[in-house]
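Enquirer: Here it is: the structure, laid out below.
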Amino acid sequence: MGYRALLFDLDGVIVSTEKNHFHAWKKTASQLGISFSEKDNEALKGVNRVDSLKHILALGKRIVLDEEFEALLHFKNEEYLSSIEDLCIKDLLPGVFDLLNLAKNKGFNIGLGSSSKNAPMILERLEIAAYFDVAIDGNGVTRPKPDPEVFLNGAKRLGLSPSECLVFEDAQSGIQAAKAGGFFAIGVGNPWLIGLADDYYNSLTEFSLERYA
Ligand code: B16
Ligand code: MG
16 MGYRALLFDL
26 DGVIVSTEKN
36 HFHAWKKTAS
46 QLGISFSEKD
56 NEALKGVNRV
66 DSLKHILALG
76 KRIVLDEEFE
86 ALLHFKNEEY
96 LSSIEDLCIK
106 DLLPGVFDLL
116 NLAKNKGFNI
126 GLGSSSKNAP
136 MILERLEIAA
146 YFDVAIDGNG
156 VTRPKPDPEV
166 FLNGAKRLGL
176 SPSECLVFED
186 AQSGIQAAKA
196 GGFFAIGVGN
206 PWLIGLADDY
216 YNSLTEFSLE
226 RYA
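Quick note on numbering: my numbering labels position 93 of the sequence shown as 108, and the sequence is numbered without any gaps.
Here is the structure:
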């Protein structure tokens, strides 16, 4: 106990745009003649853009030149961005707003540890950017989840050790990253994480900060 910071993953914990990622990847895959199901998409949760495309190409046993690879990444992101144009504060997942306010009032540090390069824009759209003392995203890491770099950078920037930070994650790669970094890993909203995470909640509405203070 005695935790001093909360480090949040973005997609699947604060907001849910996984369906948007899925539809954008499905369209990208179909350009390559690769079929891509919702089940296939499960493996991409928390995985960065480049590694996601590599995964899809491997599914279809396809190899593309660097230029086409870049064009496909661009296409996917444009599709994704146009599908989240209406994203706003109402899209915050249940319990997020209350937890951010409670944590701020109780003096906890708040950090973001996301694989998404779109994270800064998404935080702005959700009107919660000001809550974050530090935000590490896909633009600021060299080794993607399940490597712990994203969370270790967050803790370091806060001047805290991993043992003082709780990590909230919805993806297996994220839980692995948190545990590899020595953080207490809390799984949220993805029953596959039960047993893998140190603690699990269906929703942040069930989470009690008092238990960890
Ligand atoms: P982008 P998280 C991840 O966000 C998503 O879970 C994953 O589906 C996505 O591919 C990844 O961000 C990269 O996103 O294309 O926007 O850079 O869960 O780590 O917050
Ligand atoms: Mg996530």
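Virtual Cβ for every residue (Gly too), placed ideally from N, Cα, C.
Exposed or buried, which one is N56 when buried takes at least 16 other CB atoms within 10 Å?
Expert: Within the sequence shown, numbered from 1, the residue matching residue 56 stands at position 41. Label assigned to N56: buried.
Enquirer: Between the stretch 185-199 and the stretch 61-69, do three or more beta carbon pairs fall short of 8 Å?
Expert: These segments touch.
Enquirer: What does a CB cutoff of less than 6 Å around T220 pick up in its chain, not counting 5 residues either side in sequence?
Expert: Here residue 220 refers to the residue found at position 205 of the sequence shown. If we look at T220 and ignore the five residues flanking it on each side, its Cβ neighbours are P109, G110.
Enquirer: Taking DSSP's pairing of strands, which residues face A200 in a bridge?
Expert: Walking along the sequence shown from the start, residue 200 turns up at place 185. Partner(s): V182.
Enquirer: Using only alpha-carbon positions, find the residue among H36, D106, D66 that is nearest to Y97.
Expert: As a position in the sequence shown, residue 97 is number 82, starting the count at 1. Here residue 97 turns out to be Ser, not Tyr, going by the sequence shown. Closest option to S97, Cα to Cα, is H36.
Enquirer: Please state the DSSP three-state secondary structure of D152.
Expert: Locating residue 152 in the sequence shown gives position 137, where the first residue counts as 1. It is coil, neither helix nor strand.
Enquirer: Measuring only the C-alpha atoms, how far is I151 from D106?
Expert: Residue mapping note: residue 151 aligns to position 136 of the sequence shown, counting from 1. Residue mapping note: residue 106 aligns to position 91 of the sequence shown, counting from 1. Using only the alpha carbons, I get a separation of about 21 Å.
Enquirer: Leaving out the 5 sequence neighbours to the left and right, which residues in its chain are closer than 7 Å to L25 when beta-carbon positions are compared?
Expert: Counted from its first residue, the sequence shown places residue 25 at position 10. These residues qualify, in order along the chain: L127, S129, S131, A134, I137.
Enquirer: Could you check how far apart the C-beta atoms of F112 and R19 are, in whole angstroms? I think they sit under 8 Å.
Expert: Indexing the sequence shown from 1 puts residue 112 at position 97. Indexing the sequence shown from 1 puts residue 19 at position 4. 21 Å between Cβ atoms; not a contact.
Enquirer: Per DSSP, what kind of secondary structure is N124 in: helix, strand or coil?
Expert: Position 109 of the sequence shown, counted from the start, is the residue given in the question as residue 124. N124 falls in the strand class under three-state DSSP.
Enquirer: Going by beta carbon distance, what residues of the same chain come within less than 8 Å of I209, once the five residues before and after it are set aside?
Expert: As a working mapping, residue 209 is identified with position 194 in the sequence shown. Excluding residues within five positions, the ones whose Cβ falls inside 8 Å are G202, Y215.
Enquirer: Between K34, V28, T43, F166, which lies nearest to G155 when the distance is taken from Cα to Cα?
Expert: Numbered from 1 along the sequence shown, position 140 holds the residue referred to as residue 155. Taking only the C-alpha atoms, the option nearest G155 is F166.
Enquirer: Figure out for me which residue from L74, I125, N116 has the closest Cα to the Cα of L22.
Expert: Within the sequence shown, numbered from 1, the residue matching residue 22 stands at position 7. Comparing Cα-Cα distances from L22 to each of L74, I125, N116, the minimum goes to I125.
Enquirer: Where N168 and K69 are concerned, what is the direct C-alpha to C-alpha distance, given to the nearest angstrom?
Expert: Position 153 of the sequence shown, counted from the first residue, corresponds to residue 168. Position 54 of the sequence shown, counted from the first residue, corresponds to residue 69. About 25 Å.
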